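**Student:**
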Amino acid sequence: MPLGSSRTAADPSRLGLPFGKEPAVESEDQPQNRRARRASEKKNADQGEIKDRNQRLRAEVRGTKKRATSAEKARAALDAQERLDDVLLRSTDAAGKFFGSNFNWLQYLIVLGVAGGIGYLFWNYRSGVDQAKRGDQLAEAFDVTHGRLASDAAPKTSQFGLVDTRPEFADPEARAKASQEKWAALASSEPALELHALLAQAGGKFDGRAFEDAIKSYEAILSHPKAQKSPLIQARAAEGILLSYEALGNYDKALDAVKRLQGVAGQAQLATYHEARLALLKGDKTRAKELVASLSEKLKKSEKPGSSPGYLSVQVSELEKTLDPKPTLPTGGLSPETLAMLQKQLEELQKNAAQNEGQEGSVPFDPIPLLPETDEPQEPSEGTP
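Under our numbering, the final residue of the sequence shown carries the number 385; numbering is consecutive throughout.
1. Any heavy atom of the ligand MG closer than 7 Å to the beta-carbon of Leu291?
2. According to DSSP, is Glu168 part of a helix, a strand, or is it coil?
3. With DSSP collapsed to three states, give me the class of Leu280.
4. Contact between the stretch 226-234 and the stretch 204-212: three or more CB pairs below 8 Å?
5. Rounded C-beta distance between Lys226 and Glu194? I'm assuming under 8 Å.
6. Can you check which of these residues, Arg148, Leu281, Val314, Val264, is closest to Val163 by C-alpha distance?
7. Excluding the five sequence neighbours on either side, which residues of its own chain have a C-beta within less than 6 Å of the C-beta of Lys289, listed in chain order?
8. Hey, quick one: how far does the alpha helix (DSSP H) through Lys351 stretch, first residue to last?
9. List the DSSP bridge partners of Arg148.
10. Would you report the Cα separation of Pro167 and Gly240, rounded to the nearest angstrom?
11. Report all residues from its chain with a CB closer than 6 Å to the CB of Gln267; omit the five preceding and five following residues, and keep chain order.
12. Within 10 angstroms of its Cβ, does Leu89 collect 16 or more other Cβ (buried), or is it exposed?
13. When the Cα of Trp183 is compared with those of Leu198, Pro336, Tyr251, which residue comes out closest?
14. In the DSSP assignment, find the unbroken alpha helix (DSSP H) run with Gly96 in it and report its ends.
15. Use the C-beta contact count for Leu396: other C-beta atoms within 10 angstroms, 16 or more gives buried, fewer gives exposed.
16. Please go through the same chain and pick out, in chain order, the residues whose beta-carbon is closer than 7 Å to the beta-carbon of Ser223, but skip the five residues on each side of it.
17. Evaluate Phe206 with the Cβ neighbour count: other Cβ atoms within 10 Å of its Cβ, from every protein chain shown; 16 or more gives buried, anything less gives exposed.
18. Please classify Ala132 as buried or exposed, where buried requires at least 16 neighbouring CB atoms within 10 angstroms.
19. How many angstroms separate the CA atom of Gln137 from the CA atom of Tyr245?
20. Would you check if the distance between the CB atom of Tyr251 and the CB atom of Leu278 is smaller than 8 Å?
21. What does the Cβ neighbour count give for Arg56, buried or exposed, with the cut at 16 atoms within 10 Å?
22. At the level of alpha carbons, what is the spacing between Gly135 and Glu337?
23. Give me the residue from Ala257, Glu318, Asp130 with the minimum Cα distance to Glu190.
24. Could you tell me the alpha carbon to alpha carbon distance between Ser188 and Pro325, rounded to whole angstroms?
25. Just list the beta strand (DSSP E) runs in the stretch 185-235, keeping only unbroken ones of 3 residues or longer that don't cross its boundaries, in chain order.
26. Quick one: is Tyr273 buried, meaning 16 or more other Cβ sit within 10 Å of its Cβ, or exposed?
27. Look at Gln269 and Lys298 and say whether their C-beta atoms are less than 8 Å apart.
28. Alpha carbon to alpha carbon, how far is Ser317 from Ser307? Give it in angstroms, no decimals.
29. Can you list, in chain order, the residues of its chain whose CB lies under 7 Å from that of Val144, leaving out five sequence neighbours each side?
30. Over what stretch of residues does the alpha helix (DSSP H) that includes Val292 continue unbroken?
31. For Arg126, does the count of other Cβ atoms within 10 angstroms reach 16, so buried, or fall short, so exposed?
32. Measuring alpha carbon to alpha carbon, tell me which residue in Ala271, Thr165, Ala220, Ala150 is nearest Glu173.
33. Taking buried to mean at least 16 other C-beta atoms within 10 Å of its own C-beta, is Gln345 buried or exposed?
34. At which residues does the alpha helix (DSSP H) containing Val264 begin and terminate?
35. Can you tell me whether Val258 is buried or exposed, with buried defined as 16 or more other CB within 10 angstroms of its CB?
36. Does DSSP put Asn250 in a helix, in a strand, or in coil?
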């Protein structure tokens, strides 16, 4: 070891020298003064400490890699079930440690979750009770609207023993009056059903042919603040105004109502259908055909394959038949013209056979009776092969 490279050579106490005395300089590489020697000793000590720390870190990294490699080898030696068990055990252990170390704040989270669940169950129960109550009120109002009229005839007994619980009224006027009162009371007592009750009131006025009053009621619904949040309510009110003006014969006002219906989200096709109807009523058959053709094409594109046609599709189809009626063949059989032609041919064959002389025991052909024009299949008669 070179002189001056160790602490023993630089420490006077270890050399037997009194305190404060420095050893003599023994080589040319050794610093000449005390300050330089101490700086050199400190530098050597720092380098040794850094070297020791780097070795310790490298050893820790090697140990970590070794442990990871050992764990991977251990897992690779396990089969599928053992791996699953190992994962479950490790997960359970990690969860238990996490729960144990964080229980102080997890307990508050558990209490809040339980309280929130109980609150939700109570709210859900009360909401169901309120909905059932409103449903009962709607059913009672509809029973009054469609109540029975008094009759001298005895009521028919139901096949299943059911009893008609609808109220009975002396005449349609009394029923309409009771219906209006019932819907008015429902609109004032149940804010959630207010718009539906107002629509029913307006519909009752329309059914009673009070079209002017019905228009006012529908206008009031459209101007209601709650109606702005319900496109369906707006559509029904605008359609009611349209039909009321149509019933009054004011087709121009009805077309204005069609434009209002077009402004409601999702009601463009319904508005086009009403516009085509009004065009036909005004005598503009060409315009009606154009509207119906475009609307029918849109409806066919929007319908899903195999699904039954909706209400609007059926109405458009009926309007197409009105605009361009075409004779349709009876389903499940021959047309009347074909049957008449076959009957004539059979009669000619029978006539020719009767005029045949020289043939003994000839049996004339019997004409085949015409089948009734019906869509239902006919039962075969006796002797039919």
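Note that CB positions come from ideal geometry on N, CA and C, so glycine has one too.
Model, not experiment: these values are computed from the prediction.
**Tutor:** Looking at the coordinates:
1. With respect to the ligand MG, the structure offers nothing, as it holds no ligand at all.
2. Against the sequence shown, residue 168 aligns to sequence position 168. Residue state for Glu168 is assigned as strand, using DSSP reduced to three classes.
3. Translated into positions along the sequence shown, residue 280 becomes position 280. Under the three-state reduction of DSSP, Leu280 is assigned to helix.
4. When Cβ pairs closer than 8 Å are counted between the two stretches, the stretch 226-234 is seen not to touch the stretch 204-212, the count staying below three.
5. Working through the sequence shown from its first residue, we reach residue 226 at position 226. Working through the sequence shown from its first residue, we reach residue 194 at position 194. About 7 Å separates the two Cβ atoms, so the contact holds.
6. Locating residue 163 in the sequence shown gives position 163, counting from the first residue. Looking only at Arg148, Leu281, Val314, Val264, the smallest Cα-Cα distance to Val163 is reached by Arg148.
7. Position 289 of the sequence shown holds residue 289. Contacts found: Leu323.
8. Along the sequence shown, read from residue 1 onward, the residue named residue 351 stands at position 351. 336-354 is the extent of the alpha helix (DSSP H) around Lys351.
9. Your numbering for residue 148 matches position 148 in the sequence shown. Looking at the DSSP output, Arg148 shares a beta bridge with Glu168.
10. Counted from its first residue, the sequence shown places residue 167 at position 167. Counted from its first residue, the sequence shown places residue 240 at position 240. Their Cα atoms are separated by approximately 27 Å.
11. Stepping through the sequence shown from its first residue, residue 267 is reached at position 267. Closer than 6 Å at the Cβ level, and outside the excluded window around Gln267, lie Ala235, Leu261.
12. The count along the sequence shown starts at 1 and reaches residue 89 at position 89. By the beta-carbon neighbour count (other beta carbons within 10 angstroms, threshold 16), Leu89 is exposed.
13. Here the question's residue 183 lines up with position 183 in the sequence shown. Considering only alpha carbons, the answer is Leu198.
14. Mapped onto the sequence shown, residue 96 falls at position 96. Counting along the chain, Gly96 sits inside the alpha helix (DSSP H) bounded by residues 80-101.
15. The structure shown does not extend to residue 396, since the chain is modelled only from 1 to 385, so the question has no answer here.
16. For the purposes of this step, residue 223 is taken as the residue at position 223 of the sequence shown. Correct list: empty, nothing qualifies.
17. As a working note, residue 206 is residue 206 in the sequence shown. Counting Cβ neighbours within 10 Å, Phe206 comes out buried, since at least 16 surround it.
18. Numbered from its first residue, the sequence shown carries residue 132 at position 132. Answer is exposed; the Cβ neighbour count stays below 16.
19. Reading the sequence shown from its first residue, position 137 is the one you call residue 137. Reading the sequence shown from its first residue, position 245 is the one you call residue 245. One alpha carbon belongs to Gln137, the other to Tyr245, and they sit about 31 Å apart.
20. As a first step, residue 251 must be located in the sequence shown, where it is residue number 251. As a first step, residue 278 must be located in the sequence shown, where it is residue number 278. Taking 8 Å as the cut-off, the beta carbon of Tyr251 is found closer than this to the beta carbon of Leu278.
21. If you number the sequence shown from 1, residue 56 lands on position 56. Residue burial is scored here from C-beta neighbours: Arg56 has fewer than 16 other C-beta atoms within 10 angstroms and is therefore classed as exposed.
22. Along the sequence shown, read from residue 1 onward, the residue named residue 135 stands at position 135. Along the sequence shown, read from residue 1 onward, the residue named residue 337 stands at position 337. For Gly135 and Glu337, the gap between their C-alpha atoms comes out near 57 Å.
23. Within the sequence shown, residue 190 is the residue found at index 190, counting from 1. When only C-alpha atoms are compared, the closest one is Asp130.
24. As a working mapping, residue 188 is identified with position 188 in the sequence shown. As a working mapping, residue 325 is identified with position 325 in the sequence shown. Approximately 49 Å between the Cα atoms of the pair.
25. You should have found no qualifying run.
26. Sequence index remark: in the sequence shown, residue 273 carries index 273 (1-based). It is buried - the Cβ of Tyr273 has at least 16 other Cβ atoms within 10 Å.
27. If you number the sequence shown from 1, residue 269 lands on position 269. If you number the sequence shown from 1, residue 298 lands on position 298. For Gln269 and Lys298, yes; Cβs fall inside 8 Å.
28. Taking the first residue of the sequence shown as position 1, residue 307 is located at position 307. Taking the first residue of the sequence shown as position 1, residue 317 is located at position 317. The alpha-carbon atoms of Ser307 and Ser317 are separated by roughly 16 Å.
29. One-based indexing of the sequence shown puts residue 144 at position 144. Excluding positions up to five away in sequence, the list reads Pro167, Ala178, Ser179, Lys182.
30. For the purposes of this step, residue 292 is identified with residue 292 of the sequence shown, where counting begins at 1. Start and end: 285-302.
31. Your numbering for residue 126 matches position 126 in the sequence shown. Burial call: exposed.
32. Within the sequence shown, the letter at position 173 stands for residue 173. By alpha-carbon distance to Glu173, the top candidate from Ala271, Thr165, Ala220, Ala150 is Ala150.
33. For the purposes of this step, residue 345 is taken as residue 345 along the sequence shown, with counting starting at 1. Burial check for Gln345: the Cβ neighbour count within 10 Å stays below 16, so the residue is exposed.
34. For the purposes of this step, residue 264 is taken as residue 264 along the sequence shown, with counting starting at 1. For Val264, no alpha helix (DSSP H) segment is defined, and its DSSP state is neither H nor E.
35. Here residue 258 is taken as the residue at index 258 of the sequence shown, counted from 1. Label assigned to Val258: buried.
36. Mapped onto the sequence shown, residue 250 falls at position 250. If DSSP states are grouped into helix, strand and coil, Asn250 belongs with coil.
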